[in-house]
Amino acid sequence: MSLYYPLDNLHYSFINLNMIELINMGSSVNYPDREIDDTYTNSNGLGDWVFMHFTTPFCVKTPEGLIECSSGEILINSPDYPQWHRGVGTCFKNDWLIFNGEGISSLFKELHIPINFPFKNIKMEKVISLFNDIQREKIMTDKFWKEKVDLLIKGLFLEIARGFENENDLYYTEREKDLLPKFQDIRVLVKQSPDKKWKVEEMAELVPLSPNRFAVLYNKFFQKTPLSDLLDTRLTLAKALLLNHTAKIEVIAEQCGFSSIHYFWRMFKKRYGISPSEYRKTKS
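To convert, note that position 34 of the sequence shown is 188 in the numbering used here; the numbers rise steadily by one, no gaps.
Right under this line is the structure:
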């Protein structure tokens with residue numbers, strides 16, 4: 155089942171979402187192990203939102219009844235939801251964050267984040283990193299720490315929403331899922347330095363894979379070949395430089411990584427229908 159949801163219409167929600175207040179939080183790293191049968195229960199809910207990341211197997215009561223879950227799953231309880239969870243087969247540990255603010259329920263609905271039901275997430279490293287950043291801000295209480303925590307918690311929600319398997323994941327092998335983050339890092343690296351004389355062989359060595367295998371997977375992940383993606387980046391940068399800089403076109407071509415002014419001229423006109431000099435004149 156695909157849990158992919160578009161996140162393109164959240165601008166209004168974030169504008170209207172008030173500051174999120176951190177009520178309390180705790181980490182399984184900082185707390186002693188709890189007994190297997192140590193049960194947390196609250197029949198009326200806490201009155202605040204609760205985020206939990208379970209680092210050991212656990213059992214929880216959901217709207218569908220009592221279920222057992224593996225370690226690494228997330229559970230977000232709404233303020234009025236009756237809570238009940240305990241360990242399974244080993245000590246019971248979890249990270250937790252209690253928070254509140256107006257508009258949270260609507261945001262979760264738009265992000266399609268499950269409420270009162272445990273779920274897995276493929277972005278757990280980033281989620282845990284953000285959780286740790288929130289905890290640090292709470293401990294240090296530096297200037298504007300509450301404002302920083304507000305932004306970090308909202309970022310936590312977005313990473314969770316990003317971390318649901320998207321529709322493309324259904325067609326990835328386990329090996330390809332493992333390789334995808336490396337390819338994403340390489341793509342960012344290449345796009346941040348388009349002036350470098352990149353070759354597919356050099357990109358492939360960063361994984362490492364053979365150039366042919368790298369090119370096939372790159373196209374599968376991003377629906378573009380490595381070199382066509384690089385060309386897109388270089389042409390987009392060239393357009394911006396042509397409009398906002400007075401440098402000669404030859405200099406701009408070199409800054410964008412084109413091997414010659416003639417190649418740059420040909421590629422630019424092929425893509426946009428006019429030459430670089432004509433583009434600069436029409437937009438000035």
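For each residue, glycine too, the CB sits at the ideal point set by N, CA and C.
Inter-residue CB distance, residue i and residue j (contact presumed, cutoff 8 angstroms)
i: Asn106; j: Glu256; result: As shown, the chain starts at 155 and ends at 438. That puts residue 106 outside it, with no answer to give.
i: Pro236; j: Asp202; result: The pair is not a contact, with the Cβ atoms about 14 angstroms apart (cut-off 8 angstroms).
i: Thr327; j: Asn270; result: Thr327 to Asn270, Cβ: 33 angstroms. No contact.
i: Phe205; j: Trp238; result: So it is not a contact: roughly 17 angstroms between Cβ atoms.
i: Lys393; j: Tyr433; result: 7 angstroms
Under the three-state DSSP convention, the category residue i falls into
i: Tyr325; result: helix
i: Asp349; result: coil
i: Pro430; result: helix
i: Asp249; result: strand
i: Lys215; result: strand
i: Phe273; result: strand
i: Gly497; result: Limits of the chain in this structure are 155 at one end and 438 at the other, which puts residue 497 out of reach.
i: Gly180; result: strand
i: Ile267; result: coil
i: Pro365; result: helix
i: Asp386; result: helix
i: Gly309; result: helix
i: Thr400; result: coil
i: Gln377; result: coil
i: Leu360; result: coil
Beta bridge counterpart(s) of residue i as assigned by DSSP
i: Arg223; result: Before going further, note that residue 223 is Cys rather than Arg in the sequence given. Answer by DSSP bridge pairing, in chain order: Phe212.
i: Trp443; result: Absent from the structure is residue 443, since the part of the chain shown begins at 155 and ends at 438.
i: Asn439; result: Beyond the ends of the chain as shown, which are 155 and 438, falls residue 439; an answer cannot be given.
i: Glu175; result: Asn254
i: Ser228; result: The residue asked about is misnamed: residue 228 is Ile in this sequence, not Ser. BP columns for Ile228 point to His207 and Phe273.
i: Arg188; result: Phe246
C-alpha gap between residue i and residue j, whole angstroms
i: Ala358; j: Phe368; result: 6 angstroms
i: Gln338; j: Thr195; result: 42 angstroms
i: Glu189; j: Tyr325; result: 41 angstroms
i: Ser181; j: Val344; result: 37 angstroms
i: Arg388; j: Lys351; result: 11 angstroms
i: Pro380; j: Val354; result: 7 angstroms
i: His416; j: Ile403; result: 11 angstroms
i: Gln377; j: Gly199; result: 46 angstroms
i: Val183; j: Val342; result: 33 angstroms
i: Val370; j: Leu391; result: 26 angstroms
i: Lys331; j: Phe212; result: 26 angstroms
i: Gln346; j: Met421; result: 20 angstroms
Residue i vs residue j beta-carbon contact at 9 angstroms
i: Ile221; j: His207; result: no
i: Gly309; j: Lys277; result: no
i: Arg240; j: Asp187; result: no
i: Leu333; j: Val361; result: yes
i: Asn248; j: Thr210; result: yes
i: Lys300; j: Leu176; result: yes
i: Ile258; j: Ile174; result: yes
i: Leu265; j: Phe311; result: yes
i: Ile314; j: Asn275; result: yes
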